[in-house]
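Single-structure report; data block below.
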Amino acid sequence: MSSTASTLAAPAADGGRLEVLFDELAELTGQRNAIDGRIVEIVAEMDHGDLCGATGARSVAALVAWRTGSSLSNARAIAAVAHRLAEFPRCVQGLREGRLSLDQVGVIAAKAGPGSDEHYARLAAVATVSQLSTALTLEPRPEPEPRPRPARSVTKTSDAQGACYRIRLPREDEAIFDAALNSHRDALLAEWKRDRDVNGGGGAGVGVQVPPVPGAGEAFMSLVEAGWDGEVARRPHGQHTTVVVHVDVDKRVAALHVGPLLSDADRQYLTCDATCEVWFERHGEPIGSGRSTRLISRRLRRALEYRHRTCAVPGCGATGGLHAHHIRHWEDGGVTELDNLVLVCPYHHRLHHRGVITIRGPADNLTVTDSDGRQLDSGSLARPPNHPPPAVAPYPGPTGERADWWWYQPFEPQTPPTNN
Ligand SMILES: [Zn+2]
Ligand SMILES: [Zn+2]
227 MSSTASTLAA
237 PAADGGRLEV
247 LFDELAELTG
257 QRNAIDGRIV
267 EIVAEMDHGD
277 LCGATGARSV
287 AALVAWRTGS
297 SLSNARAIAA
307 VAHRLAEFPR
317 CVQGLREGRL
327 SLDQVGVIAA
337 KAGPGSDEHY
347 ARLAAVATVS
357 QLSTALTLEP
367 RPEPEPRPRP
377 ARSVTKTSDA
387 QGACYRIRLP
397 REDEAIFDAA
407 LNSHRDALLA
417 EWKRDRDVNG
427 GGGAGVGVQV
437 PPVPGAGEAF
447 MSLVEAGWDG
457 EVARRPHGQH
467 TTVVVHVDVD
477 KRVAALHVGP
487 LLSDADRQYL
497 TCDATCEVWF
507 ERHGEPIGSG
517 RSTRLISRRL
527 RRALEYRHRT
537 CAVPGCGATG
547 GLHAHHIRHW
557 EDGGVTELDN
567 LVLVCPYHHR
577 LHHRGVITIR
587 GPADNLTVTD
597 SDGRQLDSGS
607 LARPPNHPPP
617 AVAPYPGPTG
627 ERADWWWYQP
637 FEPQTPPTNN
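Just so you know, we're using my numbering here: the sequence shown kicks off at 227 and counts up by one.
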């Protein structure tokens, strides 16, 4: 009780100490703002020079979060300001001089309309972050632009006879869809032939007991029903719709089943995790349907997850839908064992097989390099400084005055001149 009393009494007894602490806080905050300003400039150079792609990072913000050991929200603010550096010279100048904080400039860069630099630079000199946010919501918004066509879509028109579906898929989905549809059609065709043979074959029975030759429509419904009936329990953990790939073992050429030839990168990507059924062929004759050991069993997958829960690429941290990647590809004799497998997210898995990043073993001590051969590591770049802190004035902070929104004039975007 006495300690509480003394803590409470301390400021009153020694108001001077608080002044000293506030003073130091203002000085450090000013320096921190100035440092953030320089960080923003550095990130802008990486952003505009397109230097981020080489590292395999998903975005500028992801790169910043990784390299500075900061949270993604902090990194997003830095990336937002960096991206609009040229649009907000006054706000960034305030940051560089320690007068504005990263959070203040960050909300401006994230939401403010074009041409508003001067308006918000003035407002930020007195407004808190939440007051700036309110001001930004008061800014009249232009009509939202028509959004780009979604990559995938299913549209339907119905009439008395039935429905007509239009399905739009991006290229990579197209391959999966075609493979799935074709494999169902083949199965239906085989079934149909067998039934016809049993029923005596020939011309007599056709049109009476034997249904018509199954086509794409039947295959599509069979696919839907398989998915509908199957439920997730039937599928092995982490496995997707089966894509059938034919691999010529001598020539190392692969094609999707009744589909296009695959590039080396696509072949290795598709055949790396057990997401497809692989038919090995020599001189066009099937010689086997994939090594059964190549399938990653539940047990092996659990062991992989236990060893490392996230994508193995430093700075990624993805945990959902990970693929088991063969470090030494099974085509080259790599085994499907813990030592040769590593979990990577689909994004980085593709990136690796396209040759943008490289992943080298052993599995417990991976080496991941970017497209320039630089090794990626997961730590932040932070180290003790070699230079004195920036010489800037202490940060006074927002005035903290109650905002009177009644009298506030929101930023008015300039309407572009029209020709008619
Ligand atoms: Zn792989
Ligand atoms: Zn990843």
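Think of the CB as a built atom: it goes at the ideal place given N, C-alpha and C, for glycine as much as any other residue.
Listed by position in the chain, the residues whose beta carbon lies within less than 5 Å of some heavy atom of ligand 1 are Cys498 and His551. The Cβ atoms of proline 636 and alanine 361 lie closer than 9 Å to each other. As the crow flies, the alpha-carbon of histidine 534 is around 45 Å from that of proline 620. When secondary structure is reduced to three states using DSSP, leucine 569 falls in the strand class. Within the model, the alpha-carbon separation for alanine 305 versus valine 266 is close to 7 Å. Per DSSP, valine 380 is one residue of the beta strand (DSSP E) stretching across 379-384. For histidine 613, the three-state secondary structure derived from DSSP is coil. Less than 9 Å divides the Cβ of glutamine 330 from the Cβ of leucine 358. Within 8 Å of the C-beta of tyrosine 495 there is not a single heavy atom belonging to ligand 2.
Sequence-distant Cβ neighbours of valine 333 in its own chain, meaning closer than 7 Å and more than five residues away, are Val355, Leu358, Ser359 and Leu362.
If you compare the alpha carbons of Tyr346, Gly295 and Leu298 with that of proline 315, the shortest gap goes to Tyr346. Judged by beta-carbon spacing, arginine 264 lies beyond the 9 Å limit of proline 614, meaning their Cβ atoms are not closer than that value.
Distance from leucine 592 to arginine 600 at the Cβ level is roughly 15 Å; contact not present, criterion being Cβ atoms closer than 8 Å. Under the three-state reduction of DSSP output, histidine 578 falls in the helix class.
Alanine 619 has its CB no nearer than 8 Å to any heavy atom of ligand 2. Per DSSP, reduced to three states, the secondary structure at glutamine 635 is coil, with no helix or strand assignment. A Cβ closer than 5 Å to some heavy atom of ligand 2 marks a residue here, and those residues are Cys537, Val539, Cys542, Ala544, Cys571 and His574.
Just measuring C-alpha positions, the residue of Ala260, Cys542, His552 and Ala405 sitting nearest alanine 481 is Ala405. Note that the C-beta distance between histidine 575 and histidine 555 is not below 9 Å.
Ranked by how close their Cα comes to the Cα of serine 327, the residues Ile268, Ala303, His509 and Tyr573 have Ala303 in first place. With a threshold of 16 other beta carbon atoms within 10 Å, cysteine 390 falls short and is exposed.
Under the three-state reduction of DSSP output, tyrosine 391 falls in the strand class. The beta carbon of aspartate 630 sits closer than 8 Å to no other beta carbon from its chain once the five residues preceding and following it are set aside.
Glutamate 365 is positioned such that its CB atom lies no closer than 9 Å to that of proline 340. When C-alpha distances from glutamate 253 are compared across Arg394, Thr625, Thr641 and Val618, the shortest belongs to Val618.
Excluding its 5 nearest sequence neighbours in each direction, alanine 336 has C-beta neighbours in its own chain below 7 Å: Ala306, listed in chain order. Looking only at Leu449, Arg420, Ala452 and Ser489, the smallest Cα-Cα distance to valine 439 is reached by Arg420. Taking the C-beta atoms as reference points, isoleucine 583 is found nearer than 9 Å to glycine 282.
DSSP lists Val479 and Glu507 as the bridge partner or partners of aspartate 474.
Ranked by Cα distance from cysteine 317, the options Ser448, Glu344, Asn300 and Val471 are led by Glu344. Apart from the 5 residues on each side of it in sequence, leucine 321 sits with its Cβ closer than 7 Å to the Cβ of Asn259, Asp262, Gly263, Val266, Leu328 and Val331 in its chain, given in chain order. Looking at the backbone, the Cα of histidine 309 and that of glycine 541 are separated by about 21 Å. Close CB contacts of asparagine 566 within its chain, under the 8 Å cut and outside five residues either way in sequence, are with His552, Ile553, Arg554, Gly560, Gly587 and Ala589 (chain order). Here valine 594 carries a strand assignment [DSSP, helix/strand/coil].
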